[in-house]
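This note's numbering applies: residue 207 is where the sequence shown begins, and numbers increase by one.
Positions of the beta carbon are idealized from the N, C-alpha and C atoms, including for glycine.
Small disclaimer: the values here were computed from a predicted structure and weren't measured.
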Amino acid sequence: STMHGPSTIRVDTLKDLAFVGPIVGPRDRIGVQRILNMIQELVGDAPTSDPPAYLKMAKLPAPKTYEGKDDPDQFEVWLRGLLEYFNTLCIMGPQYDADWLHMLSTSLSGNAATWFYNTIQSPSRDKHDWLFEEAVVGLFRHFVHRDTHLQAEQQFAALRFDASKGGVTGLYERMLYLADKMWERPTEFQMRKKFLDALPEQYENILTLYKGMSPQYTTLYTLYQSALELQQNMR
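Laid out in structure tokens, this is it:
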């Protein structure tokens, strides 16, 4: 059933997310929840200290821009970069909402910048007072339509060891990342089996035939450490 109201998005929110609107299905709910969690984690609380002194000397590079591409991963990486920029400069806590919104406008290009102007800045806009998180959720809903969870499942299924993409560590970290984004997270057994299956045949044979490891009884972390050791010994 369709769920309404900000309380279904984040129970602890203190302000109405007036334009977040009704949640449409589990894909939308999880996507929006991830965004709100990220905002809360990185900038939700007021800073406990001043920005580091070196920042007065060093120029912090501006955050990258988002142009409106339908790619959930790219959107999330862009948003995290923007929030970490705020975090580093200690622009944290709800009192900075208007500043976040202004800096968000300078971190957009192309279609995303046009949408932001028409929806949030134009004198003829429908809604006049926007919160930062409403604007971010609005961007996400307008531009990101690809199913994050289906995409994660497909990428998880296709995942293979690739020496040019971090080898064993790259495989392990990508597996954990994709598993976290899937609608139904794989079981421990499925994770272990996938890790072994994704390794080069030589690695799999040594781990299972010579070291007696198996997805039934060996933890994923042990499989990872053993495969990493193999990789280092083979260099």
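Query raised in the report: Mind checking whether valine 148 and alanine 433 have CB atoms under 7 Å apart?
Result: The displayed coordinates of the chain run from 207 to 441. Any statement about residue 148 would go beyond what the structure contains.
Query raised in the report: By DSSP, does leucine 377 sit in helix, in strand, or in coil?
Result: helix
Requested in this report: Please report the residue range of the alpha helix (DSSP H) in which tryptophan 284 lies.
Outcome: 278-294
Requested in this report: Have a look at valine 249 and glutamine 301 and give me their C-alpha separation to the nearest angstrom.
Outcome: 11 Å
Report task. Kindly list the residues whose CB is nearer than 7 Å to the CB of alanine 318, restricted to its own chain and excluding five residues on each side of it in sequence; keep chain order. Result -> Tyr272, Glu273, Gly274, Leu345, Phe349
**Report entry** Close Cβ partners of proline 269 (< 6 Å) along its chain, the five nearest in sequence each way excluded
**Finding:** Gly287, Leu288, Tyr291, Ser313
Query raised in the report: DSSP three-state call for tyrosine 383: helix, strand or coil?
Result: helix
Report task. Might you give, ordered along the chain, the residues of its own chain that have their beta carbon closer than 8 Å to the beta carbon of leucine 365, omitting 5 neighbours on each side? Result -> Leu377, Arg380, Met381, Leu384, Lys400, Ala404
Report task. For alanine 358, count neighbouring C-beta atoms within 10 Å of its own C-beta (all shown protein chains included) and say buried if the count is 16 or more, exposed if not. Result -> buried
Report task. Locate the alpha helix (DSSP H) running through threonine 425, then write down its first and last residues. Result -> Careful: threonine 425 lies outside any alpha helix (DSSP H) and carries neither H nor E.
Requested in this report: Can you tell me which of Leu295, Trp284, Val238 puts its alpha carbon nearest to the alpha carbon of lysine 265?
Outcome: Leu295
Query raised in the report: What separation, rounded to the nearest whole angstrom, lies between the Cα atoms of glutamate 394 and proline 421?
Result: 8 Å
Query raised in the report: Can serine 370 be considered in contact with the ligand FAD, in the sense that its beta carbon sits closer than 6 Å to one or more heavy atoms?
Result: The ligand FAD is absent from the structure shown, which contains no ligand whatsoever.
Query raised in the report: What number of angstroms, rounded off, separates the C-alpha of glutamine 396 from the C-alpha of leucine 402?
Result: 10 Å
Query raised in the report: In the structure shown, what three-state DSSP assignment does leucine 314 receive?
Result: strand
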